[in-house]
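Student: Sequential numbering of the sequence shown, starting at 4, is according to my numbering.
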Amino acid sequence: MVSFLSRVLIIDLSLKKFRTEDRGLLFSERIGGTGVAIRLLNEFCPEGADPLGPENPIILSVGALTSLFPLASKCVAMFKSPLTGNLGESHAGGRTAVTIRMAGYGAIVITGRSEEPVYLSISPDGVTFHDARSLWGMTRGDTAARIIRSYDGTPGNRTILRIGRAGERMVRYAAVTTETFRHFGRMGLGAVFGSKQLKAIVVSGEDTVPVSDGKTYRQLYDRLFDQVTKSPLMKKYHDIGTPINILPLSTINSVPTRNLTTSKLEGGKNLAGEEFAARFLARRVACSHCPVSCIHIAQIRTPYPHDPYFFKTTPVCYDYELIYSLGFMVGISDPWQVLTLIDEIEGTGMDAMSSGVVAAYTTEAMKNGLITSEMTGGISLAFGEPDTYLEFFRALADQQLPLYRDLGRGVDYAAGIYGGQEYALSFGKNEMPGYHTGPAAIIGYLVGSRHSHLDGAGYSIDQKPDNKSPEEIALDLYTEEVWRQILSSLVVCFFARGLYTEDVVSECLAVSGISMEKNSMLKVGEDILREKYMFKFREGFSLDSDKLRLPARVTEQVSGKGYITEDIIRKGVATYNDLIKNGKNPSGMDQIIT
Ligand code: SF4
4 MVSFLSRVLI IDLSLKKFRT EDRGLLFSER IGGTGVAIRL LNEFCPEGAD
54 PLGPENPIIL SVGALTSLFP LASKCVAMFK SPLTGNLGES HAGGRTAVTI
104 RMAGYGAIVI TGRSEEPVYL SISPDGVTFH DARSLWGMTR GDTAARIIRS
154 YDGTPGNRTI LRIGRAGERM VRYAAVTTET FRHFGRMGLG AVFGSKQLKA
204 IVVSGEDTVP VSDGKTYRQL YDRLFDQVTK SPLMKKYHDI GTPINILPLS
254 TINSVPTRNL TTSKLEGGKN LAGEEFAARF LARRVACSHC PVSCIHIAQI
304 RTPYPHDPYF FKTTPVCYDY ELIYSLGFMV GISDPWQVLT LIDEIEGTGM
354 DAMSSGVVAA YTTEAMKNGL ITSEMTGGIS LAFGEPDTYL EFFRALADQQ
404 LPLYRDLGRG VDYAAGIYGG QEYALSFGKN EMPGYHTGPA AIIGYLVGSR
454 HSHLDGAGYS IDQKPDNKSP EEIALDLYTE EVWRQILSSL VVCFFARGLY
504 TEDVVSECLA VSGISMEKNS MLKVGEDILR EKYMFKFREG FSLDSDKLRL
554 PARVTEQVSG KGYITEDIIR KGVATYNDLI KNGKNPSGMD QIIT
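1. By the 10 Å Cβ neighbour count, where 16 or more other Cβ atoms means buried, how is GLU50 classified, buried or exposed?
2. Between the region 113-132 and the region 6-24, do three or more beta carbon pairs fall short of 8 angstroms?
3. Going by beta-carbon coordinates alone, are THR102 and THR162 separated by less than 8 angstroms?
4. Using DSSP with H/G/I as helix, E/B as strand and the rest coil, what is PHE184?
5. Relative to the C-alpha of LEU397, which residue among LYS432, TYR448 and LEU344 is closest?
6. Only counting the same chain, and skipping five residues up and downstream in sequence, which positions put a Cβ closer than 8 angstroms to that of ALA427?
7. For LYS199 versus LEU138, is the C-beta spacing smaller than 8 angstroms?
8. Report the rounded CA-to-CA distance for GLY387 versus ALA135, giving the unit in angstroms.
9. I want to know whether the region 187-199 touches the region 337-357 - three or more CB-CB distances under 8 angstroms.
10. Is PRO405 helix, strand or coil by DSSP?
11. Could you compute how far the alpha carbon of LEU90 sits from the alpha carbon of LEU512?
12. At what residue ranges does the region 126-181 contain a whole run of the beta strand (DSSP E), taking only runs of 3 or more?
13. One question on the structure: do TYR462 and HIS456 come within less than 8 angstroms of each other, judged by their Cβ atoms?
14. Would the C-beta of LEU74 count as close to the ligand SF4, meaning under 7 angstroms from any of its heavy atoms?
15. ALA460 by DSSP, collapsed to three states: which one?
16. By DSSP, does ASP415 sit in helix, in strand, or in coil?
17. Taking the straight line between their C-alpha atoms, what separation do you get for THR69 and MET81?
18. Starting from ALA362, trace the alpha helix (DSSP H) in both directions and tell me its first and last residue.
19. Leaving aside the five residues before and after GLY380 along the sequence, list all residues of the same chain whose C-beta is less than 7 angstroms from its C-beta, in chain order.
20. Can ALA73 and PRO294 be called in contact, C-beta distance under 8 angstroms?
21. Keeping to the same chain, check which residues put their C-beta closer than 6 angstroms to that of TYR108; ignore five residues upstream and five downstream.
22. Is CYS293 close to the ligand SF4? I mean its beta-carbon at under 7 angstroms from any heavy atom of the ligand.
23. Check whether the region 272-290 touches the region 221-228, taking contact to mean three or more Cβ pairs, one atom from each stretch, closer than 8 angstroms.
24. Can you give the Cα-Cα distance for PHE497 and PHE314, rounded to whole angstroms?
25. Would you say CYS48 touches the ligand SF4, meaning its beta carbon is less than 7 angstroms from a heavy atom?
26. What is the DSSP secondary structure of ASP225, counted as helix, strand or coil?
27. In terms of DSSP beta bridges, what is LEU551 paired with?
28. What residue from TYR323, LEU236 and ALA577 has the CA that sits closest to LEU252's CA?
29. Excluding sequence positions up to five away, which residues of its chain have a Cβ less than 7 angstroms from the Cβ of GLY159?
30. If we call anything under 8 angstroms between Cβ atoms a contact, is ALA332 one with THR260?
31. Cβ of ILE103 versus every heavy atom of the ligand SF4: is any distance shorter than 7 angstroms?
32. Leaving out the 5 sequence neighbours to the left and right, which residues in its chain are closer than 7 angstroms to GLU569 when beta-carbon positions are compared?
33. Kindly identify the DSSP beta-bridge partner or partners of SER93.
34. Determine the extent of the beta strand (DSSP E) in which THR317 is found, giving its start and end residues.
35. Starting from the Cα of ASP337, find the closest Cα among ASP390, VAL361, THR265 and LEU493 and give me that residue.
36. With respect to the alpha helix (DSSP H) encompassing ALA289, which residues constitute its N-terminal and C-terminal limits?
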């Protein structure tokens with residue numbers, strides 16, 4: 004048996020102290036990532052904790068395959084979400100996971116609250132607490148990262164996680180950015196950093212990771228690498244990236260446009276992925292240990308006012324979700340304008356999806372007279388007008404006026420005050436992702452532990468030709484979610500889910516030092532999923548179908564599967580509730596536990 008992930012670094016920001024614990028048993032039972040993070044969250048987060056209080060822990064966790072296999076490139080963050088009030092889970096790529104492992108840690112737990120702004124340098128030897136008062140309040144988060152990069156001389160592989168001003172001001176969907184273009188975007192990790200006065204974390208390490216049998220490892224690695232680099236699916240993600248899906252999804256009425264007042268693209272092919280690539284793509288980058296390079300960076304040129312031939316050039320990362328939320332969701336169909344809005348959001352450090360949905364809701368609420376320009380500080384939003392959205396996002400991040408403080412708590416909260424619940428597009432209090440593909444997507448948003456399209460991939464179920472019953476949809480979502488708990492414990496990028504089958508995962512675990520049978524793998528996946536829901540229930544979430552708010556707009560607007568009825572949604576939710584609570588379904592659980 005080789006040495007395996009076991010060290011957990013525990014940092015107390017209030018006392019400015021740290022310690023490490025050996026948790027080898029936890030890692031061998033739970034693999035890493037999500038499986039370990041939910042255990043640690045349950046240990047460190049007291050029931051009813053204030054998500055913005057010192058008692059809310061931040062957990063960062065990597066997995067058994069991290070640093071060893073292609074696309075095992077993600078890091079899991081877990082915390083109590085200030086947006087939803089229950090489980091907060093977010094995954095990011097970049098160099099974070101690999102660096103944490105090379106620093107010798109399987110997980111990092113951060114508790115308490117610093118008296119003054121601070122940033123942390125974490126190395127194999129422990130933690131240094133740095134004064135970050137001079138970095139607090141900067142207009143753009145990337146400036147702070149650049150300064151840290153030039154002053155923090157830690158050796159080896161290095162990652163920098165940091166927040167922008169939205170995080171400092173605790174916008175409840177503020178993000179944490181890692182490197183330059185990767186994010187722990189959803190559910191407000193940035194606000195939790197801000198509440199602790201934690202501006203940034205730098206991790207550096209240069210350890211190597213042992214394997215049980217070098218020859219077998221090499222053969223397995225080469226085989227997987229070969230499959231990834233020859234896969235047509237991965238080539239698609241490399242060439243055009245996720246925006247390749249924009250036109251096909253528009254063709255089947257699945258792109259939420261203008262706050263889902265339509266589900267088809269406007270402006271012809273302007274926002275197609277092919278158009279972005281042809282006109283703006285400057286380079287592609289990759290997370291560590293990934294040969295795919297699906298991260299697409301555009302270059303935009305902005306003329307200086309005094310000289311029309313003199314341009315400022317800015318790199319801007321784009322993907323499907325960003326073009327959705329800052330493009331068609333707010334009625335903008337000029338790619339240059341979309342990229343400009345993406346750059347603004349990147350600078351503020353807010354989650355793009357939540358920000359775009361908040362802007363779309365506010366636009367409609369202004370049109371209906373529920374929100375006035377007096378409340379917005381003179382900004383009059385209208386779909387398709389980028390300049391007013393730029394001003395709006397700046398004001399939202401700054402949080403100066405009461406309206407923006409309400410909008411900074413998400414559309415569910417804002418609609419509770421200003422009205423317009425029928426078009427406040429959030430599910431489980433998390434703003435809608437960019438897929439109106441059919442009932443499976445909507446049921447998945449409502450019941451998913453993260454209320455995200457990544458929970459159970461309902462959008463993918465909807466795109467299959469058959470029309471499933473709500474009970475079948477719930478079972479498909481559940482089955483997929485059980486397996487996704489394993490992938491997100493390893494922690495593998497979901498783009499590689501077709502590659503990492505049960506057999507492949509068994510082989511990879513064996514050379515990584517864990518022996519786990521296929522049957523017990525699914526059982527572990529179920530246990531992790533159920534433990535996540537136990538945390539959600541403990542914090543007040545309910546899967547009771549009558550208690551989940553369903554915005555009427557999703558049933559009024561045609562989807563990829565035609566019109567969705569509330570009845571189908573409620574039945575799907577009820578079946579999923581049964582699967583989570585009772586752990587069995589006479590017709591379906593046999594497929595899950597063999
Ligand atoms: S496929 Fe893309 S997101 Fe996934 S690990 Fe590779 S570069 Fe990162």
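Backbone N, C-alpha and C fix where the C-beta goes; we use that ideal spot for every residue, glycine too.
Owing to the predicted nature of the structure, the values given are computational and were not obtained by experimental measurement.
Tutor: Once the coordinates are examined:
1. exposed
2. yes
3. yes
4. coil
5. Reading off the sequence, residue 397 comes out as Arg, not Leu. With distances taken between Cα atoms, ARG397 lies closest to LEU344.
6. TYR364, VAL414, ASP415, ALA417, ALA418 and PRO554
7. no
8. 39 angstroms
9. yes
10. helix
11. 28 angstroms
12. 129-134, 160-165 and 179-181
13. yes
14. yes
15. coil
16. helix
17. 17 angstroms
18. 355-370
19. ALA398 and LEU404
20. The displayed chain sequence assigns Pro, not Ala, to residue 73. Closer than 8 angstroms, so yes.
21. ARG10 and LEU12
22. yes
23. no
24. 38 angstroms
25. no
26. helix
27. Answer by DSSP bridge pairing: none, since LEU551 is not bridged.
28. TYR323
29. MET105, SER207, GLY208 and GLU209
30. With the sequence shown as reference, residue 332 is identified as Met, and Ala is not the correct amino acid for it. The answer is yes: Cβ separation under 8 angstroms.
31. no
32. LEU553 and THR558
33. ALA80
34. 310-321
35. ASP390
36. Where ALA289 is concerned, there is no enclosing alpha helix (DSSP H), given that its DSSP letter is neither H nor E.
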